[in-house]
Amino acid sequence: MRCFPGKEEKKKEQIVEEIILKKYNSYYRLAYSYVHREADAEDIVQNMAYKALRASRTLQHPEFVETWLYRILMNEIFRLLKKPENFSYEELIEKTGNEGEYAEDSYEDVDLMQVIESLSAKDKLVIELRFFEDKKLEEIALVLEENVSTVKSRLYRSLKKMRIMLED
Amino acid sequence: MEQKIYSLPQEIKEQYEALELSGEQVERLKQKMLQAKSENRKERIRRNSRQIMATAAMLAIILFVLPNTSKTVALAMQQIPVLGDFIELITVRDYEYEDEQHQASIKVGELVLNEFADVQHMEASVKKELLATIKNINSEIQKVTTELLGDFETSVEDREGPLSVWTESIQIPSEEQYLVIKQECFMAAGSGMEWNYYYTIDLTTGKLLSLEELFKENADYVPVLADCIEKQLKLVYGYQLDEFLRDELVRQLEEEASFYINEAGNIVMCFDEGDIGPMSLGDLEIVISNDDVKEIRK
Chain A
145 MRCFPGKEEK KKEQIVEEII LKKYNSYYRL AYSYVHREAD AEDIVQNMAY KALRASRTLQ
205 HPEFVETWLY RILMNEIFRL LKKPENFSYE ELIEKTGNEG EYAEDSYEDV DLMQVIESLS
265 AKDKLVIELR FFEDKKLEEI ALVLEENVST VKSRLYRSLK KMRIMLED
Chain B
1474 MEQKIYSLPQ EIKEQYEALE LSGEQVERLK QKMLQAKSEN RKERIRRNSR QIMATAAMLA
1534 IILFVLPNTS KTVALAMQQI PVLGDFIELI TVRDYEYEDE QHQASIKVGE LVLNEFADVQ
1594 HMEASVKKEL LATIKNINSE IQKVTTELLG DFETSVEDRE GPLSVWTESI QIPSEEQYLV
1654 IKQECFMAAG SGMEWNYYYT IDLTTGKLLS LEELFKENAD YVPVLADCIE KQLKLVYGYQ
1714 LDEFLRDELV RQLEEEASFY INEAGNIVMC FDEGDIGPMS LGDLEIVISN DDVKEIRK
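Chains as they are written, first to last, in the numbering used here: chain A, 145 to 312; chain B, 1474 to 1771.
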């Protein structure tokens, strides 16, 4: 029996859609933690959702769809950060002398958040996925396309760095 | 050991989690997702049409015909989705056909009262209305699918060129008060087109919901909806309605526009391919933000 080819694709599209609708706030938070601008974070999530749905028929392993979505999200984040008109959060503070109109964070525990900000993009992702999104190391390794021991090293190194910075 | 090393203060996580997309941002996200789905659908139609042509050279035998018209069997076989407490959607006919040039998948749904539902608290008048409404919807679905199947069978008998038809009755999630059924139809003969029928039952009255009923008495809702739709077509699809299509949109809103209520309580206006724009936009489901109609909605 040969089914309509579109049916299988529709199923995959539905799986992707359901997860995006369930997790859009997580994606938004993660994007925001990198770009610090609501409009940019929203654009990233919209682009991620659009690209994921458009590419949903190519999804080979629906069981890894969450990881796949995080990877698309990270690509979108890094793509935006690489745009010449985008400067980093630190550069923004340096430029304006303060957090300026773009910084809309309301984190009260500024020290800890600043320490997380100071990590490299990948280390920061490990910390956020592990602690804020409760992801297992294995899942984070899939998102980063690294092996678990590398992710573990990143986690230990980042935590150590964070502890030292907070003690100073 | 791991817990001791791997921990951050709970407050910081709570602060992190406090950041959320606003209702407006969520609506924009959903529109973007609809755009992607609409583009996928167009692509599927194009590929499906091409595939029928390619299949013609390879296959020459009818593979299977599986009509099923017994409601008892259908009830026994179906995974029955429960709609509200009162109504179930069952598939009373599941017809599949395929030969060298033709494909069909026709799933005919029928609404029936759930025999296990507690309907004692339902007013007799509402139950009566509900039964009448269900009967009308079932009759319309039967008519639509029978016509589609008839066209298909004629095409097969006359050995006409490639044809692909597909139809299915599905439930769309809505607010508790409503029950929404969509009959999706698709036909491809060279190029393809998709069109849909929507039925929204108000479970508190048992009646089919009309667009007008959603608004306060004498509210001038048509231009408000037209503005919202025009704005979103421009924003999401980069498409500007011209004067003629704006008039056509207004006419449809006044006379025949399809709609349903989604889970968030938003009105979703539905248009078939080419109704209010080029065919390339596909069929459209445009979510009307509750904020945009809060002054006039009941």
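All residues carry an ideal CB built from backbone N, CA and C; glycine is no exception.
Under 9 Å between C-beta atoms of residue i and residue j
| i | j | result |
| --- | --- | --- |
| B:Leu1684 | B:Tyr1672 | no |
| B:Ile1654 | B:Leu1562 | yes |
| B:Arg1719 | B:Glu1703 | yes |
| B:Glu1721 | B:Cys1743 | no |
| B:Glu1493 | A:Arg223 | no |
| B:Leu1681 | B:Asn1739 | no |
| B:Val1741 | B:Ile1769 | no |
| B:Ser1578 | B:Glu1630 | no |
| B:Gly1451 | B:Tyr1712 | Residue 1451 of chain B is absent from the structure shown; chain B starts at 1474 and stops at 1771. |
| B:Leu1714 | B:Leu1726 | no |
| B:Asn1587 | B:Ile1560 | yes |
| B:Val1581 | B:Asp1567 | yes |
| B:Leu1676 | B:Glu1649 | yes |
| B:Lys1486 | A:Phe208 | no |
Proximal residues to residue i (C-beta, below 6 Å), its chain only, five neighbours per side dropped
| i | result |
| --- | --- |
| A:Ser200 | Lys156, Glu157 and Val160 |
| A:Tyr171 | Val189 and Leu217 |
| B:Val1709 | Gln1504 and Gln1508 |
| A:Arg215 | Val287 |
| B:Glu1583 | Ile1563, Val1565 and Asn1611 |
| A:Ile164 | Ala193 |
| B:Asp1765 | Cys1701 |
| A:Leu203 | Lys156 |
| B:Lys1510 | none |
| B:Gln1483 | none |
Where residue i falls, given that 16 or more other Cβ within 10 Å makes a residue buried
| i | result |
| --- | --- |
| B:Met1752 | exposed |
| B:Gly1755 | buried |
| B:Pro1540 | Bear in mind that a pLDDT of 40 at B:Pro1540, under 50, signals an unreliable position, so the model cannot answer this. |
| A:Ala196 | buried |
| A:Arg307 | exposed |
| B:Thr1627 | exposed |
| B:Leu1687 | buried |
| B:Ser1647 | buried |
| B:Arg1517 | buried |
| A:Arg181 | buried |
| A:Ser293 | exposed |
| B:Pro1635 | buried |
| A:Ala175 | buried |
| B:Phe1717 | exposed |
| A:Gly278 | Correcting the residue type first, residue 278 of chain A is Asp in the shown sequence and not Gly. Under this definition A:Asp278 is an exposed residue. |
| B:Ser1637 | buried |
| B:Ser1495 | exposed |
| B:Phe1625 | buried |
| B:Leu1604 | exposed |
| B:Lys1767 | exposed |
| A:Glu220 | buried |
| A:Glu248 | With a pLDDT of 39 at A:Glu248, under the threshold of 50, the modelled position of that residue is not reliable, and the figure given next carries that caveat. Flag for A:Glu248 reads exposed. |
| B:Met1474 | For B:Met1474, the predicted model reports a pLDDT of 38, less than 50, meaning its position is unreliable; a value from the coordinates is still stated below. Result: exposed. |
| A:Lys205 | Going by the sequence as given, residue 205 of chain A is His instead of Lys. Classification for A:His205: exposed. |
| B:His1594 | exposed |
Proximity test, Cβ basis, 9 Å: residue i and chain C
| i | result |
| --- | --- |
| B:Pro1696 | No chain C is present in this structure, whose protein chains are A and B. |
Neighbourhood of residue i by C-beta distance below 7 Å, restricted to the same chain and skipping five residues each side
| i | result |
| --- | --- |
| A:Arg298 | Lys266, Asp267 and Val270 |
| A:Ser177 | Glu272 |
| A:Ile284 | Val270, Leu273, Arg274 and Val295 |
| B:Gln1656 | Ile1614, Val1617, Thr1640, Ser1642, Asn1669 and Tyr1670 |
| A:Val259 | Met306, Met309 and Leu310 |
| A:Asp184 | Leu224 |
Contact set for residue i: own chain, Cβ-Cβ below 8 Å, skip 5 residues either direction
| i | result |
| --- | --- |
| A:Asp255 | Leu310 |
| B:Arg1514 | Glu1667, Gly1755 and Asp1756 |
| A:Glu238 | A caution first: A:Glu238 carries a pLDDT of 48, below 50, which makes its placement in the model unreliable, though a value can still be read off. Excluding sequence neighbours, A:Glu238 sits near nothing in its chain. |
| B:Leu1621 | Ile1579, Val1638, Thr1640, Cys1658 and Met1660 |
Counterpart residues of residue i in DSSP-defined beta bridges
| i | result |
| --- | --- |
| B:Gly1750 | Paired residues: none, contrary to the question. |
| B:Cys1658 | B:Thr1640 and B:Trp1668 |
| B:Gln1821 | Past the boundaries of the shown model lies residue 1821 of chain B; chain B is included only from 1474 to 1771, so the question cannot be answered. |
| A:Met309 | Bridge partners of A:Met309: none, in fact. |
| B:Thr1564 | B:Gly1582 |
| B:Ile1645 | B:Val1653 |
| B:Glu1758 | B:Cys1743 |
| B:Tyr1733 | B:Val1741 |
| A:Ile163 | Paired residue(s): none; A:Ile163 is not in a bridge. |
Worksheet item: Between the segment 180-196 of chain A and chain B, which residues of the former have CB atoms less than 9 Å from a CB of the latter, in chain order?
Response: Taking 9 Å as the Cβ-Cβ cut-off against chain B, the residues of the segment 180-196 of chain A that qualify are Glu182, Ala185, Glu186, Val189, Gln190, Asn191, Ala193, Tyr194, Lys195 and Ala196.
Worksheet item: If contact means a Cβ-Cβ distance below 9 Å, which residues of the segment 1709-1743 of chain B contact chain A?
Response: Within the segment 1709-1743 of chain B, no residue has a Cβ that lies closer than 9 Å to any Cβ of chain A.
Worksheet entry | chain A contacts from the segment 1610-1621 of chain B (Cβ-Cβ distance under 7 Å) | Residues: none.
Worksheet entry | Residues, ordered as in the chain, of the segment 1565-1586 of chain B that lie near chain A by beta-carbon distance below 9 Å | Cβ contacts with chain A come from Glu1569, Glu1571, Gln1576 and Ser1578.
Worksheet entry | Near-chain B residues of the segment 275-287 of chain A (beta-carbon distance less than 8 Å), N- to C-terminal order | The residues in question are Phe275 and Phe276.
Practice prompt. Using a Cβ-Cβ cut-off of less than 9 Å, list which residues of the segment 1486-1501 of chain B approach chain A; keep chain order.
Written response: So the list reads Lys1486, Gln1488, Tyr1489, Glu1490, Ala1491, Leu1492, Glu1493, Leu1494, Ser1495, Gln1498, Val1499 and Arg1501, given in the order they occur along the chain.
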